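Undergrad: One structure follows; several queries about it will come next.
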Ligand code: BES
Ligand code: MN
Ligand code: ZN
């Protein structure tokens with residue numbers, strides 16, 4: 125694991141590579157504050173060298189300058205920060221982009237006078253690699269990151285929080301990236317248990333027999349087509365005097381083939397269909413590590429959606445944990461079925477707030493694209509969670525739940541159908557379906573992360589290809605907000 129620590133900005137630099145910032149301005153690019161020691165070690169030639177190398181200071185700009193034996197460090201990497209080094213997300217992105225190209229250096233020093241939390245998050249998230257399945261020769265060398273900052277109480281607290289947040293995002297990425305032949309309900313539950321155990325959290329795992337006893341008709345139906353049977357995991361974090369009780373629910377489909385309504389395209393990315401589950405597990409562990417004064421109970425349904433002789437069918441009617449009945453319109457709309465059961469269980473704890481997140485609909489990608497999380501639910505909590513997410517660098521946008529859509533889910537045989545007969549407003553229909561399982565008066569929010577959970581494009585800023593850890597930072601920030609932090 126890579127360590128992060130603060131070093132005094134005036135101390136001489138011992139690292140293998142140094143990161144500096146460049147600001148873009150109307151008078152051309154200039155060195156961001158914090159680069160003085162680096163510039164001095166290079167005879168104050170840094171600005172000239174960066175200009176010659178074509179540095180612009182624009183947000184995705186990364187320029188490498190070898191120091192040719194003139195300084196104790198072999199390499200300077202300058203990253204664009206845009207016009208203002210006090211903008212936390214610009215710092216996160218710039219430092220993340222720099223660290224992405226510095227994995228083969230053992231000790232990297234960041235010499236930018238900017239918020240320590242943003243630097244730390246950007247550095248740890250940018251240097252992330254998933255190498256569990258790669259031969260050892262390719263493992264990254266990076267061991268140590270130092271950040272130039274005076275060791276004040278504020279800087280130390282920021283560093284500590286950023287470390288916990290980054291570890292949670294990384295844990296979620298690792299779970300999403302783990303292939304579905306190794307990560308299936310039983311093993312996913314075990315890994316959730318290991319993460320929770322590191323913070324001494326209580327974990328309960330319901331196996332298929334317990335699910336049958338508990339009448340979890342949605343989870344059992346979705347999981348019935350696979351030889352790897354479903355689980356329901358519950359993780360509880362209970363601090364001494366909690367300000368509120370928060371229920372977290374996350375979709376944990378370890379692979380979504382579509383079931384009998386089998387997918388014909390884009391099946392491989394469906395190992396990311398447990399991104400919501402990964403996010404709530406990691407966020408619960410992070411809340412405990414941060415000792416937030418809120419109680420959190422995560423309820424996580426895990427199932428593999430497969431076609432087989434034992435699979436559930438379109439037109440099946442399921443009796444859910446809540447007692448409601450659902451007509452299965454299409455076995456590929458499986459997420460809402462496992463979620464409805466998990467929500468019913470979560471409500472039995474009488475939470476003050478319920479936050480649910482899931483890779484629920486392809487329609488989220490059509491509406492908001494691959495980077496923006498769609499937030500639906502009770503308007504007060506929806507907007508509060510969206511604001512919390514936006515403030516920590518995740519794009520979250522509030523979407524409506526038009527009441528007239530509920531009629532389109534009327535079923536001739538059951539209380540509700542899982543889909544409407546048309547393809548319009550798919551993301552909102554997902555929210556409308558879930559709303560049927562929420563009690564009157566409960567502040568709840570549904571975060572659709574279908575696109576954001578998985579980066580199918582190339583790596584950028586602090587975001588790698590593949591699993592991103594989407595929603596983790598939003599949920600932690602929302603929990604802090606609800607805790608009054
Ligand atoms: N897991 C998918 C949603 C999804 C799509 C996630 C793309 C990530 C990227 C979900 O279970 C699903 O299959 N949804 C279908 C619903 C359809 C049958 C109405 C969809 O959105 O196409
Ligand atoms: Mn599906
Ligand atoms: Zn799915």
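In the working numbering, the protein residues as written are 125 to 609.
Heads up, the beta-carbon is just placed ideally off N, CA and C, and yes, glycines get one too.
Quick caveat: nothing in here was measured; it's all calculated off a predicted structure.
1) What's the gap between the Cα of residue 207 and the Cα of residue 215?
2) Please state whether DSSP places residue 430 in a helix, a strand or coil.
3) How many Å lie between residue 583 and residue 495 at the Cα?
4) By alpha-carbon positions, which one of 175, 131, 138 ends up nearest to residue 151?
5) Name the DSSP bridge partner or partners of residue 578?
6) For residue 537, is the classification buried or exposed, using 16 other Cβ atoms within 10 angstroms of its Cβ as the cut-off for buried?
7) I'd like the span of the alpha helix (DSSP H) that includes residue 245, first residue to last.
8) If I measure Cβ to Cβ from residue 559 and keep anything under 7 Å in the same chain, skipping five residues before and after, which residues do I get?
9) Rounded to whole angstroms, what is the Cα-Cα separation between residue 386 and residue 543?
10) With the cut-off set at 8 Å, would you say residue 561 and residue 533 are in Cβ contact?
11) Could you check if residue 540 is buried or exposed, using at least 16 other CB atoms within 10 Å of its CB as the buried criterion?
12) With residue 190 as the anchor, note down where its beta strand (DSSP E) starts and where it stops.
13) For residue 510, report the span of its alpha helix (DSSP H) as first-last.
14) Pick helix, strand or coil for residue 418, following the three-state DSSP scheme.
15) Given residue 581, which residues of its chain have a CB within under 8 Å of its CB, disregarding the five upstream and five downstream residues?
16) Give me the Cα-Cα distance between residue 463 and residue 128, rounded to the nearest whole angstrom.
17) May I ask you to verify whether the region 410 to 419 touches the region 480 to 489, counting CB pairs closer than 8 Å and requiring at least 3?
18) Exposed or buried, what is residue 458 when buried is set at 16 or more other beta-carbons lying within 10 Å of its beta-carbon?
19) How far does the beta strand (DSSP E) with residue 496 in it reach, from first residue to last?
20) Between which two residues does the alpha helix (DSSP H) harbouring residue 542 extend?
21) Please determine whether the Cβ atom of residue 394 lies at a distance below 7 Å from any heavy atom of the ligand BES.
22) Within 10 angstroms of its Cβ, does residue 354 collect 16 or more other Cβ (buried), or is it exposed?
23) Of all Cβ atoms in chain B, is any one closer than 8 Å to the Cβ of residue 226?
24) When you compare each of 576, 607, 598, 489 to residue 552 by their alpha carbons, which one comes out closest?
25) Which residue's Cα is closest to the Cα of residue 180: 147, 446, 157?
26) Going by C-alpha to C-alpha distance, which of 404, 441, 325 sits closest to residue 599?
27) Can you tell me whether residue 463 sits near the ligand BES, meaning its C-beta is under 7 Å from at least one heavy atom of the ligand?
28) Give the range of the beta strand (DSSP E) segment to which residue 379 is assigned.
29) From what residue to what residue does the beta strand (DSSP E) around residue 572 run?
30) Would you decide whether residue 249 is buried or exposed? Buried here means 16 or more other CB atoms lie within 10 Å of its CB.
31) Does the Cβ-Cβ distance between residue 209 and residue 237 come in under 8 Å?
32) Any idea what DSSP makes of residue 256, helix, strand or coil?
33) My assumption, with CB atoms under 8 Å, is that residue 358 sits in contact with residue 421. Please give the rounded CB distance.
34) Can you find the residues in the same chain that come closer than 8 Å, C-beta to C-beta, to residue 310, ignoring five residues on each side of it along the sequence?
35) Compute every distance between the C-beta of residue 458 and the non-hydrogen atoms of the ligand ZN, then say whether any falls below 7 Å.
36) State the Cα-Cα distance for the pair residue 374 and residue 424, rounded to the nearest angstrom.
TA: So, from the data block:
1) On the chain shown, position 83 is the one that residue 207 refers to. On the chain shown, position 91 is the one that residue 215 refers to. The alpha-carbon atoms of residue 207 and residue 215 are separated by roughly 11 Å.
2) As a first step, residue 430 is located in the chain shown; it is residue number 306 there, counting from the start. Residue 430 falls in the coil class under three-state DSSP.
3) Here residue 583 is taken as the residue at index 459 of the chain shown, counted from 1. Here residue 495 is taken as the residue at index 371 of the chain shown, counted from 1. Approximately 13 Å between the Cα atoms of the pair.
4) Here residue 151 corresponds to residue number 27 of the chain shown, with the count starting at 1. The option with the nearest alpha carbon to residue 151 is 175.
5) Locating residue 578 in the chain shown gives position 454, where the first residue counts as 1. Note: residue 578 sits in a beta bridge opposite 591.
6) If you number the chain shown from 1, residue 537 lands on position 413. Residue 537 comes out exposed.
7) As a first step, residue 245 is located in the chain shown; it is residue number 121 there, counting from the start. Where residue 245 is concerned, the enclosing alpha helix (DSSP H) stretches over 240 to 250.
8) As a first step, residue 559 is located in the chain shown; it is residue number 435 there, counting from the start. So the qualifying residues of the chain are 525.
9) Taking the chain shown and counting its residues from 1, the one referred to as residue 386 is at position 262. Taking the chain shown and counting its residues from 1, the one referred to as residue 543 is at position 419. Looking at the two C-alpha atoms, the distance is approximately 16 Å.
10) For the purposes of this step, residue 561 is identified with residue 437 of the chain shown, where counting begins at 1. For the purposes of this step, residue 533 is identified with residue 409 of the chain shown, where counting begins at 1. Cβ distance not < 8 Å, so residue 561 and residue 533 don't count as in contact.
11) Counting from one through the chain shown, the residue named residue 540 turns up at place 416. Of the other Cβ atoms in all chains shown, 16 or more fall within 10 Å of the Cβ of residue 540; this residue is therefore buried.
12) Here residue 190 refers to the residue found at position 66 when the chain shown is read from its first residue. The continuous beta strand (DSSP E) containing residue 190 extends over residues 186 to 190.
13) Along the chain shown, read from residue 1 onward, the residue named residue 510 stands at position 386. Counting along the chain, the unbroken alpha helix (DSSP H) around residue 510 starts and ends at 503 to 515.
14) Looking up residue 418 in the chain shown gives position 294. Coil at residue 418, not helix or strand.
15) In the chain shown, residue 581 corresponds to position 457, counting from 1. Taken in chain order, the residues that qualify are 494, 589.
16) Stepping through the chain shown from its first residue, residue 463 is reached at position 339. Stepping through the chain shown from its first residue, residue 128 is reached at position 4. So the alpha carbons of these two residues sit roughly 38 Å apart.
17) Contact between the region 410 to 419 and the region 480 to 489 is absent, because fewer than three Cβ pairs lie under 8 Å.
18) Here residue 458 corresponds to residue number 334 of the chain shown, with the count starting at 1. By the 10 Å Cβ count, residue 458 comes out buried.
19) For the purposes of this step, residue 496 is taken as residue 372 along the chain shown, with counting starting at 1. No beta strand (DSSP E) holds residue 496; DSSP gives it neither H nor E.
20) Translated into the one-based positions of the chain shown, residue 542 becomes position 418. No alpha helix (DSSP H) contains residue 542, which DSSP labels as neither H nor E.
21) If you number the chain shown from 1, residue 394 lands on position 270. True, at least one ligand heavy atom lies under 7 Å from that Cβ.
22) Here residue 354 corresponds to residue number 230 of the chain shown, with the count starting at 1. With a 10 Å radius around the Cβ and a threshold of 16 neighbouring Cβ atoms, residue 354 comes out buried.
23) Annotation note: the requested chain B is absent from the structure, which comprises a single protein chain.
24) Your numbering for residue 552 matches position 428 in the chain shown. Comparing C-alpha distances from residue 552 to each of 576, 607, 598, 489 shows the shortest one belongs to 489.
25) Here residue 180 refers to the residue found at position 56 of the chain shown. The option with the nearest alpha carbon to residue 180 is 147.
26) Start at 1 with the first residue of the chain shown, and residue 599 comes out as number 475. Selected option, being the one with the closest Cα: 404.
27) For the purposes of this step, residue 463 is taken as the residue at position 339 of the chain shown. In terms of side-chain proximity, the C-beta atom of residue 463 is found no nearer than 7 Å to any non-hydrogen atom of the ligand BES.
28) Numbered from 1 along the chain shown, position 255 holds the residue referred to as residue 379. Here the beta strand (DSSP E) through residue 379 covers 376 to 380.
29) Against the chain shown, residue 572 aligns to sequence position 448. 568 to 572 is the span of the beta strand (DSSP E), which, as asked, contains residue 572.
30) Working through the chain shown from its first residue, we reach residue 249 at position 125. Residue 249 is buried by the Cβ-count criterion.
31) Taking the chain shown and counting its residues from 1, the one referred to as residue 209 is at position 85. Taking the chain shown and counting its residues from 1, the one referred to as residue 237 is at position 113. Result yes, Cβ atoms of residue 209 and residue 237 sit closer than 8 Å.
32) Start at 1 with the first residue of the chain shown, and residue 256 comes out as number 132. Under the three-state reduction of DSSP output, residue 256 falls in the coil class, being neither helix nor strand.
33) If you number the chain shown from 1, residue 358 lands on position 234. If you number the chain shown from 1, residue 421 lands on position 297. Correct: roughly 7 Å between the Cβ atoms.
34) Residue mapping note: residue 310 aligns to position 186 of the chain shown, counting from 1. In chain order, 352, 353, 355 place their CB closer than 8 Å to the CB of residue 310, counting only its own chain and leaving out the 5 sequence neighbours on each side.
35) Residue 458 sits at position 334 when you count from the first residue of the chain shown. Yes, the Cβ of residue 458 comes within 7 Å of a heavy atom of the ligand ZN.
36) Numbered from 1 along the chain shown, position 250 holds the residue referred to as residue 374. Numbered from 1 along the chain shown, position 300 holds the residue referred to as residue 424. Distance between the alpha carbons of residue 374 and residue 424 is about 5 Å.
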